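Inspection log for the structure reproduced underneath, given as structure tokens.
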Amino acid sequence: MESDLCTREDLVRRVKAPETTRLGRIATWGIAPSNAIVLILLGDLWLYLATAHDAQTESMTTTIHGAGVASLHSGEHRRAILQRRFNDRPLLVFWELTKACDLACRHCRADAQRNASLGELTTAEGYQMIDELSQFASPRPILILTGGDCLKRPDLLELIDYAKRASLPVALAPSVTPLLTPDTMREWRDHGVTTVSISLDGKDEQTHDGVRGVSGHFSATMTTLSALKDAGFTVQINTTIMAGNVEQLADIAAILVAQNIDIWEVFFLVATGRGTEVGATTPQQNEDVCHFLVDASRYGVTVRSVEGPFLRRVTQQRHEGVTGPRTGQLYERLRQRLLYVLGDPTHEPCVPSAAARDGNGIVFVSATGDVYPSGFLPHALGNVRESSLIALYRNAPLMVSIRDADFHGTCGRCSFKRLCGGSRSRAFATTGDALGSDPACVMVRTPVPSRTQ
Ligand SMILES: C[S@@+](CC[C@H](N)C(=O)[O-])C[C@H]1O[C@@H](n2cnc3c(N)ncnc32)[C@H](O)[C@@H]1O
Ligand code: SF4
10 MESDLCTRED
20 LVRRVKAPET
30 TRLGRIATWG
40 IAPSNAIVLI
50 LLGDLWLYLA
60 TAHDAQTESM
70 TTTIHGAGVA
80 SLHSGEHRRA
90 ILQRRFNDRP
100 LLVFWELTKA
110 CDLACRHCRA
120 DAQRNASLGE
130 LTTAEGYQMI
140 DELSQFASPR
150 PILILTGGDC
160 LKRPDLLELI
170 DYAKRASLPV
180 ALAPSVTPLL
190 TPDTMREWRD
200 HGVTTVSISL
210 DGKDEQTHDG
220 VRGVSGHFSA
230 TMTTLSALKD
240 AGFTVQINTT
250 IMAGNVEQLA
260 DIAAILVAQN
270 IDIWEVFFLV
280 ATGRGTEVGA
290 TTPQQNEDVC
300 HFLVDASRYG
310 VTVRSVEGPF
320 LRRVTQQRHE
330 GVTGPRTGQL
340 YERLRQRLLY
350 VLGDPTHEPC
360 VPSAAARDGN
370 GIVFVSATGD
380 VYPSGFLPHA
390 LGNVRESSLI
400 ALYRNAPLMV
410 SIRDADFHGT
420 CGRCSFKRLC
430 GGSRSRAFAT
440 TGDALGSDPA
450 CVMVRTPVPS
460 RTQ
């Protein structure tokens, strides 16, 4: 789930030893076991050819499905290229296959229940949506099959196969339950899935089981994450930060490093669904967490945030050596603990900044076909049963305003509004205005009235 554009330094760090040929210097940059970007370095210009493994024939041949030239010197230029791409098509399409889930997490945005809701999209309707997604130009969006629990859909493998035949990269976000067995993992591998994410919300039983509502769940999660690694997946761990686990982040990072996890996606709580019942972190704590996450990305795990786009501001400020808002004592504690559990950093920071956020590079389709800017922003733009998903993504007025960074309040005035832009979901959840300010950011000094006031 990586962007194909990154900084020159990122590229230099990641490409495998370039070879000098008559064409220029040639290097490959693997973004997943099944696809890669071949880079031809011509002075300041990088010609990139995106290639993908052919899942249908299962052969090792690759097909070139995208090419372009980009000067990657300037962050602004890079962002302009990405913005043009996001205006046209999303990077990530989340499809909530079902609301059914055998867990009942305290913070669940989906209000997931044991049984599927009435009127969930059928297999045929899913195929229709996949057909539409395949009309997007290359590189096509990544389809993330999520929930609820995607394993509660009996047609999961058929949907994966259909999406792969339509040349859509597929990633899975299952819940850790007895349905997620080593056999299931083998089947997913056989059907061409390469990336899977699961959640870890605490460093120990007490905290994690408390969030997930099932005793023994921490140990099941640890077993599952190492089984996923053994099965050869790119493994992403999702952690939702709340008041109750924020002090444990350094220990969670240490677990991920020890398990050789590829990506850590850190969710900042949104007060939607059951998320309204859980204590969130304060803006100052969020600032501290962002600084900590930059530090934590220096141990070989790629770190990304969800509904915490201010991480991009902090990353940029740190990269450029610019002083931003002050850090507090939480950062000091987390920093010290990280050094204690992991020692000196082993890598350069790796916090990719694809600037995708709710509605800008991201779109979400609910179990019943409603289209939202994100799963945390339940404002229906339309429904795939009646409207074109492509048209809703490109033309729905809210989506256009989000992509134009046409925000209100502090987020609208902030000089980082294009890089960060605040969580549109949190703005909506707290104020009812999806274009309002994100009260979780420390730069938003004016208190935002709560939605219920
Ligand atoms: C929607 S879930 C889907 C996958 C699976 N059901 C799970 O929970 O692991 C994706 C991530 O969103 C997180 N999440 C759920 N509700 C949230 C909320 N209100 N705010 C922030 N993150 C939330 C979950 O903890 C999980 O890591
Ligand atoms: S957060 Fe995920 S695992 Fe937990 S109840 Fe909701 S859908 Fe299920």
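Read in order, the letters of the sequence shown are residues 10 to 462 in the working numbering. Cβ atoms here follow ideal geometry from the backbone N, Cα and C, with glycine treated the same way. None of the values given here were measured: they were computed from a predicted structure.
Alpha carbon of residue i to alpha carbon of residue j, nearest angstrom
i: D415; j: S228; result: 45 Å
i: T66; j: S143; result: Its pLDDT being 48, under 50, T66 is placed unreliably in this model, and the value from its coordinates should be taken loosely. Going from the Cα of T66 to the Cα of S143 covers about 18 Å.
i: G284; j: R115; result: 7 Å
i: L407; j: D239; result: 43 Å
i: L130; j: V303; result: 39 Å
i: D260; j: C359; result: 19 Å
i: S432; j: G352; result: 33 Å
i: L442; j: G309; result: One detail in the question is off: residue 442 reads as Asp in this sequence, not Leu. Cα-Cα distance, rounded: 38 Å.
i: G368; j: E214; result: 35 Å
i: D192; j: L428; result: 42 Å
i: L160; j: L189; result: 8 Å
i: G445; j: G241; result: 42 Å
i: Y349; j: S396; result: 54 Å
i: P354; j: I264; result: 15 Å
i: Q245; j: T232; result: 15 Å
i: P382; j: T291; result: 25 Å
i: E134; j: L106; result: 11 Å
i: P150; j: G418; result: 32 Å
i: V287; j: G157; result: 19 Å
i: A436; j: G430; result: 11 Å
i: G219; j: A89; result: 43 Å
i: Q345; j: H356; result: 18 Å
i: G421; j: D447; result: 10 Å
i: Y136; j: K108; result: 19 Å
i: G128; j: R394; result: 11 Å
i: N124; j: R162; result: 11 Å
i: P183; j: C423; result: 37 Å
Rounded distance between the beta-carbons of residue j and residue i, thought under 8 Å
i: V279; j: E316; result: 5 Å
i: F319; j: C450; result: 5 Å
i: W104; j: L154; result: 6 Å
i: L152; j: L177; result: 5 Å
i: G211; j: H217; result: 4 Å
i: E141; j: I411; result: Contact flag wrong, Cβ pair sits at about 21 Å.
i: F376; j: S126; result: The question names Phe, but residue 376 in the sequence shown is Ala. 6 Å between Cβ atoms; contact.
i: C299; j: V331; result: Going by Cβ atoms, the distance from C299 to V331 rounds to 14 Å, so no, they are not a contact pair.
i: A262; j: L347; result: 6 Å
i: F276; j: T230; result: In fact, because the Cβ distance is near 15 Å, the residues do not count as touching under 8 Å.
i: T132; j: L168; result: 7 Å
Same chain, Cβ closer than 8 Å to residue i, five either side skipped, listed in chain order
i: R342; result: E256
i: L237; result: M194, V205, I207, V244
Counterpart residues of residue i in DSSP-defined beta bridges
i: R366; result: N369, G370
i: Y308; result: DSSP lists no partner for Y308.
i: Y381; result: F373
i: L386; result: S383
i: F276; result: T249, V315
i: F416; result: F416 is not bridged to any residue.
i: V220; result: Partner(s): none; V220 has no beta bridge.
i: N6; result: Summary: the structure shown does not reach residue 6, with the chain confined to residues 10 through 462, and so no result is reported for it.
i: V179; result: L152
i: V205; result: L181, V244
i: W104; result: L154, V374
Proximal residues to residue i (C-beta, below 7 Å), its chain only, five neighbours per side dropped
i: S306; result: V312, P358, C359, V360
i: P334; result: E296, V451, M452
i: V266; result: Y308, G309, V310, L351
i: R221; result: L112, C114, D210
i: R198; result: A240, G241
i: P99; result: P150, G370, I371, V372, Y402
i: Q268; result: L234, S235, K238
i: P387; result: T281, Y381
i: V223; result: L112
i: T336; result: E296, D297, H300
i: F425; result: R322
Own chain residues within Cβ distance below 6 Å of residue i, not counting five before or after
i: A405; result: L390
i: T281; result: R118, F385, A438
i: I139; result: Y171, A172, A175
i: L339; result: Q294, D297
i: R327; result: V303
i: D111; result: T186
i: N392; result: G378, D379
i: F95; result: N369, G370
i: A289; result: L278
i: R321; result: S362, L428, C429
Residue-chain proximity (residue i, chain D), Cβ-Cβ < 9 Å
i: R98; result: The question asks about chain D, but that chain is absent: this structure has only one protein chain.
Name all residues in chain order for which at least one heavy atom of ligand 4 lies closer than 6 Å to the residue's CB. This structure does not include ligand 4; its bound ligands are ligand 1 and ligand 2.
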